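Enquirer: Count the sequence shown with mature numbering (1 follows the signal peptide of the UniProt record, and there is no 0) and you get residues -27 to -1, 1 to 361, in order.
For each residue, glycine too, the CB sits at the ideal point set by N, CA and C.
Because the structure is a prediction, the values reported are computed rather than measured.
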Amino acid sequence: MTQHRGRHRRRKRGRALRGVLAGTALALTAAATMISASQATVDHDPGALKPLTSRAELNTLSLREDLVPGQALDRLSSELGRPVGVGAALDDADGTLSDPADCLATEREALPVSPAATRAYCWDPADTRGLRSGAVTTSGDADDDGRWGEHRVVLSAWSDDRLSRVAFVDADDLDRLRYTWVRLTVPTDEGRAWRPLRSAVSGMVWYQDKLLVTARDGLYVYDMHRVQRASGADGSRFALPAVGVYRSAGQAPVGLSLDRSTSPDSLVASGGDRLWRYAFSTDPGRTGLLATGNASEAYATEAEDLGGVLSYRSRWYLTQTAEEERGTLWRQDRSGAEATRCGSDETRRCWSGRTPSLSYWEETGEVWSQSGRTLFSLPLNTIDRSLG
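1) Is DSSP giving A78 helix, strand or coil here?
2) Tell me the DSSP bridge mates of P24?
3) Pull the bridge partners of G244 from the DSSP assignment, please.
4) Going by DSSP, which residues form a beta bridge with A212?
5) Pop quiz: A312 and L34 are said to be a contact at Cβ under 8 Å. What is the actual Cβ separation, rounded to whole angstroms?
6) Ignore the nearest five residues each way along the sequence and tell me which others in H114's own chain have a CB closer than 7 Å to its CB.
7) Thinking C-beta only, is V174 closer than 8 Å to S221?
8) Taking 7 Å as the cut-off, is the C-beta of S129 nearer than that to any heavy atom in the ligand HEM?
9) So who's on the other strand from Q305, going by DSSP bridges?
10) Ordered along the chain, which non-local residues of its own chain (more than five positions away) have a Cβ less than 7 Å from that of S204?
11) Measure the alpha-carbon distance for T91 versus P352 and round it to whole angstroms.
12) What residues match up with L185 in a beta bridge as DSSP calls it?
13) Using only CA atoms, which one of T187, D67, D306, W341 lies nearest to G20?
14) Find out if the Cβ-Cβ distance for the pair residue 362, P329 is shorter than 8 Å.
15) Please say whether G191 and Y219 have beta carbons closer to each other than 8 Å?
16) Could you spell out the range, first to last residue, of the alpha helix (DSSP H) harbouring V227?
17) How long is the line joining the alpha carbons of L40 and D117, rounded to whole angstroms?
18) With H, G and I counted as helix, E and B as strand and the rest as coil, what does DSSP make of G280?
19) Give every residue of the same chain whose Cβ lies closer than 6 Å to the Cβ of W96, excluding the five residues on either side of it in the sequence, and list them in chain order.
20) Give the secondary structure of A115 by DSSP, where H, G and I count as helix, E and B as strand, and everything else as coil.
21) Are S269 and Y290 close, meaning C-beta to C-beta below 8 Å?
22) What do you reckon, are the CB atoms on P214 and L49 nearer than 8 Å?
23) Since I believe S112 is in contact with R120 (beta carbons under 8 Å), could you give me their beta-carbon distance rounded to a whole number of angstroms?
24) To the nearest whole angstrom, what separates the beta carbons of W303 and A273, a pair I think is in contact under 8 Å?
25) Indicate the three-state DSSP secondary structure (helix, strand or coil) for S137 in the structure shown.
26) Taking the C-alpha atoms as reference points, what is the distance between R(-18) and L147?
27) If you follow the beta strand (DSSP E) that P98 is part of, which residue opens it and which one closes it?
28) Roughly how many whole angstroms lie between the Cα atoms of S308 and K23?
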């Protein structure tokens, strides 16, 4: 009987969530219509992707791998405590994300108009005050079954001028997301100490046991087995030290995502007007690392002000940011480009505002992202159906 009441409460909560999101979408569609009526032209169509094939162009996208020596990592563990792993951080979760009904109106306005989000949550303003939201990745990237051990996990990056940290979100119960903070660090003095990673995180991919994170001075690599307990003035009780970094020869990655539709799996990157990918290694001794630092494929795009990037089955999905307006979501390939539209209206500005990243959870078919203090997801097939 208790079990039956629990299912009933979840169904009722699901209907309430859909009602909140539907009401928000209707209000925002009306707003978008008024905006489009005042615009003389729609956004510029970026057209087809242009393949980059010259060696000179591809060389500007190459990366140099620099791994921290195992001896330094062992010394770090000895000096600052043995690793406890992802599970320990999830077990200590002390923060809770809010449902849409409890979010501020300005936070709900960050949600896409069309297609509408099917799941949405808001971060506690007191817990994220002074921080900039960044990239999102999930355990759907980490493993084929969408889990890390027994857990489903969402990772959300935040930063200020002093440090970068990641919220490890326990997503086992999607009706109640709980999280704890983990500070990103870089080993120093041959593993005798560490410093904070001081950079915005616009790109992040969790693949196998590695977390790849964009920073202003490189693409940092973290080993998820090396989460350590560490107190900090920022409120985080855990830290994660880098185990390596990839340095760029030219154009550095800004946006990142994982593409499991290629063989082998690949890391997708964006920066400036370029889109490209690197193949992941299939060597059992190099889990989560790149096969080489050479781009296996690259394109030029005319889409401007790029935010998140996602590639799946030869299609590229790009979010176009806007400072004071809603953004645009494009699907682009070598044949042309299409954008999501706000219902029957002609405007293409029906995505959320600034969206640093897109992460596809292949097991569930959902795309996860965040804008400001709003974390949300929606099925990839609804994005495809809304294009026109």
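Expert: In brief:
1) As a position in the sequence shown, residue 78 is number 105, starting the count at 1. A78: helix per DSSP, three-state reduction.
2) Against the sequence shown, residue 24 aligns to sequence position 51. Partner(s): Y272.
3) To locate residue 244, count along the sequence shown from 1; it is residue 271. In DSSP, G244 forms a bridge with R247.
4) Numbered from its first residue, the sequence shown carries residue 212 at position 239. In DSSP, A212 forms a bridge with R156, Q201.
5) As a working mapping, residue 312 is identified with position 339 in the sequence shown. As a working mapping, residue 34 is identified with position 61 in the sequence shown. That pair is no contact at about 26 Å.
6) As a position in the sequence shown, residue 114 is number 141, starting the count at 1. In the sequence on display, residue 114 carries Asp and not His. Excluding sequence neighbours, D114 sits near V178, W179, Y180, L231, S332.
7) Residue mapping note: residue 221 aligns to position 248 of the sequence shown, counting from 1. Residue mapping note: residue 174 aligns to position 201 of the sequence shown, counting from 1. No; because the gap between Cβ atoms is not below 8 Å, this pair is not in contact.
8) Although the ligand HEM was asked about, the structure shown includes no ligands whatsoever.
9) As a working mapping, residue 305 is identified with position 332 in the sequence shown. Beta-bridge pairing links Q305 to W289, A310.
10) Taking the sequence shown and counting its residues from 1, the one referred to as residue 204 is at position 231. Once the five neighbours on either side are set aside, the close Cβ partners of S204 are R210.
11) In the sequence shown, the residue the question calls residue 91 occupies position 118. In the sequence shown, the residue the question calls residue 352 occupies position 379. Taking the straight line from one Cα to the other gives about 8 Å.
12) Your numbering for residue 185 matches position 212 in the sequence shown. Beta-bridge pairing links L185 to V178, V194.
13) Here residue 20 refers to the residue found at position 47 when the sequence shown is read from its first residue. Answer by Cα proximity: D306.
14) Outside the shown range of the chain (-27 to 361) lies residue 362, about which nothing can therefore be said.
15) Counting from one through the sequence shown, the residue named residue 219 turns up at place 246. Counting from one through the sequence shown, the residue named residue 191 turns up at place 218. Contact flag set, yes.
16) Translated into the one-based positions of the sequence shown, residue 227 becomes position 254. Element bounds for V227: n/a, residue is neither H nor E.
17) Here residue 40 refers to the residue found at position 67 of the sequence shown. Here residue 117 refers to the residue found at position 144 of the sequence shown. Between L40 and D117, the C-alpha separation is close to 26 Å.
18) For the purposes of this step, residue 280 is taken as the residue at position 307 of the sequence shown. Of the three classes helix, strand and coil, the one that applies to G280 here is strand, per DSSP.
19) Numbered from its first residue, the sequence shown carries residue 96 at position 123. Same-chain partners within the cutoff: R346.
20) Looking up residue 115 in the sequence shown gives position 142. Helix at A115.
21) Locating residue 269 in the sequence shown gives position 296, counting from the first residue. Locating residue 290 in the sequence shown gives position 317, counting from the first residue. No, Cβ-Cβ distance for S269 and Y290 is not below 8 Å.
22) Locating residue 214 in the sequence shown gives position 241, where the first residue counts as 1. Locating residue 49 in the sequence shown gives position 76, where the first residue counts as 1. Contact flag set, yes.
23) One-based indexing of the sequence shown puts residue 120 at position 147. One-based indexing of the sequence shown puts residue 112 at position 139. Contact holds; Cβ gap of about 5 Å.
24) Stepping through the sequence shown from its first residue, residue 303 is reached at position 330. Stepping through the sequence shown from its first residue, residue 273 is reached at position 300. Actually they do not touch by this definition, with Cβ atoms about 14 Å apart.
25) By one-based count along the sequence shown, residue 137 stands at place 164. Strand at S137.
26) Counting from 1 along the sequence shown, the entry for residue -18 is found at position 10. Counting from 1 along the sequence shown, the entry for residue 147 is found at position 174. Per-residue confidence for R(-18) stands at a pLDDT of 43, beneath the threshold of 50, marking its modelled position as unreliable; the derived number appears in the next sentence. Each residue's Cα considered, the two are about 10 Å apart.
27) Against the sequence shown, residue 98 aligns to sequence position 125. No beta strand (DSSP E) holds P98; the alpha helix (DSSP H) holding it covers 98 to 101.
28) On the sequence shown, residue 308 is found 335 positions in, with the first residue counted as 1. On the sequence shown, residue 23 is found 50 positions in, with the first residue counted as 1. The straight-line gap from Cα to Cα measures roughly 9 Å.
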